[in-house]
Amino acid sequence: MRLFKCQACGQILHFENTLCEKCGHRLAYLPAATTMSALELEGNTPEGDVWKALASPGKLFRLCDNAGHGTCNWLIEADAPGTLCLCCRHNRTIPDVSQDENAEAWRKIEWAKHRLFYSLLRLKLPLATKLEQAETGLAFDFLADSAGPTGPRVMTGHDNGLITIALKEADDAEREKSRVAMHEPYRTLLGHFRHEIGHYFWDRLVQDAGKLEACRALFGDDSIDYGQALQRHYEEGAPADWRSSFVTAYATMHAWEDFAETWAHYMHLVDTLETAAAFSLSTRPRVAEGDELDASVDFDPYRTQPFDRLVESWMPLTIALNSLNRSMGQPDLYPFVLSTPALEKLAFVHGLVHPDAPQ
Ligand SMILES: [Zn+2]
Ligand SMILES: [Zn+2]
Numbered sequence: 015m016r017l018f019k020c021q022a023c024g025q026i027l028h029f030e031n032t033l034c035e036k037c038g039h040r041l042a043y044l045p046a047a048t049t050m051s052a053l054e055l056e057g058n059t060p061e062g063d064v065w066k067a068l069a070s071p072g073k074l075f076r077l078c079d080n081a082g083h084g085t086c087n088w089l090i091e092a093d094a095p096g097t098l099c100l101c102c103r104h105n106r107t108i109p110d111v112s113q114d115e116n117a118e119a120w121r122k123i124e125w126a127k128h129r130l131f132y133s134l135l136r137l138k139l140p141l142a143t144k145l146e147q148a149e150t151g152l153a154f155d156f157l158a159d160s161a162g163p164t165g166p167r168v169m170t171g172h173d174n175g176l177i178t179i180a181l182k183e184a185d186d187a188e189r190e191k192s193r194v195a196m197h198e199p200y201r202t203l204l205g206h207f208r209h210e211i212g213h214y215f216w217d218r219l220v221q222d223a224g225k226l227e228a229c230r231a232l233f234g235d236d237s238i239d240y241g242q243a244l245q246r247h248y249e250e251g252a253p254a255d256w257r258s259s260f261v262t263a264y265a266t267m268h269a270w271e272d273f274a275e276t277w278a279h280y281m282h283l284v285d286t287l288e289t290a291a292a293f294s295l296s297t298r299p300r301v302a303e304g305d306e307l308d309a310s311v312d313f314d315p316y317r318t319q320p321f322d323r324l325v326e327s328w329m330p331l332t333i334a335l336n337s338l339n340r341s342m343g344q345p346d347l348y349p350f351v352l353s354t355p356a357l358e359k360l361a362f363v364h365g366l367v368h369p370d371a372p373q
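Every number in my numbering is 14 more than the matching position in the sequence shown, counting from 1.
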């Protein structure tokens with residue numbers, strides 16, 4: 015994620031800001047320019063307020079309708095059709111926000127989803143809604159469990175372009191309980207989005223793009239019965255040596271899960287590297303003899319380049335970030351080890367995202 019700056023006063027801004035603390039300007043994100051912008055009110059229309067964005071002079075904008083729910087700070091061009099932004103227009107079902115706890119859970123979910131879309135747009139991945147393309151489009155359902163102890167429970171997952179996120183995943187205590195019960199080192203809303211969108215892009219960039227053979231060579235046979243694989247995984251767990259070729263234990267369940275887990279890690283890696291670059295973070299441990307723990311992120315990890323370049327920075331950076339977390343008594347920021355086969359799978363994802371990347 016980039017760092018941003020208020021065009022009116024120079025204050026450093028973050029992606030979720032809606033008001034400049036220094037100069038008081040209203041703020042919003044302008045996806046077409048990949049920047050936060052200070053806003054000035056131009057006028058009112060029946061469709062709502064129209065704003066000038068200091069980052070894009072000469073154009074007029076509206077705020078996404080979801081700004082009214084406190085779930086979005088993205089802009090739409092004033093004369094564009096629709097009332098929802100590039101990110102929110104993919105929503106199919108939102109929770110009943112007349113209940114405060116649903117509204118709060120949905121807010122947390124949306125801020126994670128907006129970070130997902132920041133990355134998808136930066137990677138220039140194809141995005142269509144299900145209204146635009148019923149078969150291949152993307153939509154989201156954010157669902158609360160039905161009331162009562164015996165009602166059906168909502169499962170987070172992906173099915174043919176429809177991503178469902180269970181509202182209870184936004185409850186920190188519930189999510190932590192699931193994380194411990196499933197023996198996972200890491201469980202976040204952003205992680206769920208990056209995993210589920212991996213299933214969506216397997217459909218688009220592997221299956222639809224004729225890359226099944228190449229994908230199977232690395233991730234294994236995806237035609238194995240998913241239901242049986244799931245049952246086996248919950249009965250027997252992951253093989254003891256999973257670390258030697260998988261990024262997580264869950265990735266061993268089925269080739270589809272291996273791909274989605276790997277895809278999520280690719281997004282973790284790229285976006286965290288961009289944040290490091292935004293802060294000009296570099297590492298050069300004083301006690302190190304050689305330079306293998308030296309890293310500086312003096313490139314744009316979202317743009318086309320050799321995958322090795324990302325890895326060479328990522329490895330030393332995660333050692334430093336994990337050490338910082340341990341100094342605060344926190345779990346590791348990146349509690350994973352990337353084996354050579356896992357890196358080869360990540361390189362495959364890099365190749366799907368950047369078909370013209372040098373090898
Ligand atoms: Zn300002
Ligand atoms: Zn929006």
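Positions of the beta carbon are idealized from the N, C-alpha and C atoms, including for glycine.
Excluding five sequence neighbours on each side, which residues of the same chain lie with their C-beta closer than 8 Å to the C-beta of residue i?
| i | result |
| --- | --- |
| I57 | Checking the sequence, you will find Gly at residue 57 rather than Ile. Here the set comprises D63 and V64. |
| G165 | D159 |
| L157 | T107, P109, V168, T178, I179, A180 and L181 |
| M15 | F29, R129, Y132, D285, E288, T289 and A292 |
| L324 | L283, V284, L287, P315 and H364 |
| D387 | Nothing about residue 387 can be read from this structure; the chain reaches only from 15 to 373. |
Tell me where the alpha helix (DSSP H) around residue i begins and ends.
| i | result |
| --- | --- |
| H268 | It is not in any alpha helix (DSSP H) - H268 carries neither H nor E in the DSSP assignment. |
| D185 | Unbroken run through D185: none, as it is neither H nor E. |
| E249 | Y240 to E250 |
| A356 | T354 to V367 |
| L204 | L203 to F215 |
| L100 | No alpha helix (DSSP H) contains L100, which DSSP labels as neither H nor E. |
| R76 | Taken as a continuous stretch (DSSP letters only), R76 belongs to no alpha helix (DSSP H), being part of the beta strand (DSSP E) at L74 to L77. |
| E227 | L226 to F233 |
According to DSSP, is residue i helix, strand or coil?
| i | result |
| --- | --- |
| Y316 | coil |
| N58 | strand |
| I177 | strand |
| I333 | helix |
| L139 | coil |
| F293 | coil |
| I123 | helix |
| E118 | helix |
| E35 | coil |
| V194 | helix |
| D64 | The amino acid at residue 64 is misidentified as Asp; the sequence shows Val. Reduced to three states, the DSSP call for V64 is strand. |
| M281 | helix |
| M52 | Correcting the residue type first, residue 52 is Ala in the shown sequence and not Met. Strand, per DSSP. |
| L17 | coil |
| A69 | coil |
| T85 | coil |
| A47 | helix |
| S310 | strand |
| T170 | coil |
| L27 | strand |
| T286 | helix |
| T276 | helix |
Less than 7 Å between C-beta atoms, sequence neighbours within five positions excluded: which residues of the same chain meet that for residue i?
| i | result |
| --- | --- |
| L141 | L134 and L152 |
| H39 | C20, A22, A52 and L53 |
| L307 | T297, P299, P330 and I333 |
| E91 | K73 and F75 |
| M281 | S133 and R208 |
| E35 | Q25 |
Could you pull out every residue in the same chain whose Cβ sits closer than 6 Å to the Cβ of residue i, ignoring the five residues on either side in sequence?
| i | result |
| --- | --- |
| L335 | L347 |
| L98 | C78 and D79 |
| A223 | none |
| C229 | V220 |
| A263 | A252 and W256 |
| T143 | R103, H104 and G151 |
| K66 | E54 and E56 |
| T59 | none |
| H279 | V261 |
| L100 | P45 |
| V367 | L137 |
Identify the continuous beta strand (DSSP E) that holds residue i and give its terminal residues.
| i | result |
| --- | --- |
| L42 | Contrary to the premise, residue 42 reads as Ala rather than Leu in this sequence. It spans R40 to L44 - the beta strand (DSSP E) in which A42 sits, taken as one unbroken run. |
| F154 | A153 to L157 |
| L89 | L89 to E91 |
For chain B, is any of its Cβ atoms less than 8 Å away from the one on residue i?
| i | result |
| --- | --- |
| K359 | In the structure shown, chain B does not exist; there is a single protein chain. |
Pocket of ligand 2 (residues with CB nearer than 6 Å to any heavy atom), chain order: C78, N80, C86, W88, L98, C99, C101 and C102
Pocket of ligand 1 (residues with CB nearer than 6 Å to any heavy atom), chain order: C20, A22, C23, Q25, C34, K36, C37, H39 and A52
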